[in-house]
Ligand code: AMP
Ligand code: ZN
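Numbering (the working numbering), first residue to last: 82 to 218.
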């Protein structure tokens, strides 16, 4: 999606109102309108990057440090039992808004957020093949 038509560009830069819980020169953090759980929020950079692959390295570092700080604050304030950071890239991975964002998802005992996957299997040969394919020299 182009910057001009990007809803998260508009929200992050204050052109569209949002339930903002944190803002600085680089990011806006606002509550998700279809929350997985109580307090589900999104860390969104003010500059447009479609996804993790495009994201500026310095902002990537800042985003994870901010996530750590806000998760600690949210855990205190909400009394949640656990916490997920979720970040989707590409339609196949469930991304629906094509402006990088990091989900902050507080978790509660017995909540029904259902953030999981079906554990698969892998053979020793496939593990070896993957190590060869993925190892950086
Ligand atoms: P993803 O599927 O990872 O791209 O996540 C997009 C998230 O943005 C979803 O959880 C949506 O509920 C949320 N979302 C979409 N539009 C808005 C909006 N205008 N305000 C707040 N959250 C939104
Ligand atoms: Zn954007």
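Positions of the beta carbon are idealized from the N, C-alpha and C atoms, including for glycine.
| Check | Outcome |
| --- | --- |
| Beta-bridge pairing of residue 121 - partner residues as DSSP gives them | Note: residue 121 sits in no beta bridge, so no partner. |
| Backbone secondary structure at residue 215 - three-state DSSP | helix |
| Three-pair Cβ contact test at 8 Å for the segment 136–151 versus the segment 173–190 | yes |
| Same chain, Cβ closer than 6 Å to residue 255, neighbours up to 5 away in sequence not counted | Any question about residue 255 goes unanswered here, given that the chain covers just 82 to 218. |
| CB-CB length for residue 186 against residue 167, believed under 8 Å | 6 Å |
| Cβ-heavy atom distance, residue 95 to the ligand AMP, below 6 Å | no |
| Closer than 6 Å: residue 182 CB and nearest the ligand ZN heavy atom | no |
| Cross-strand partners of residue 165 (DSSP beta bridge) | 186 |
| Exposure of residue 147, with buried meaning 16 or more beta-carbon neighbours within 10 Å | buried |
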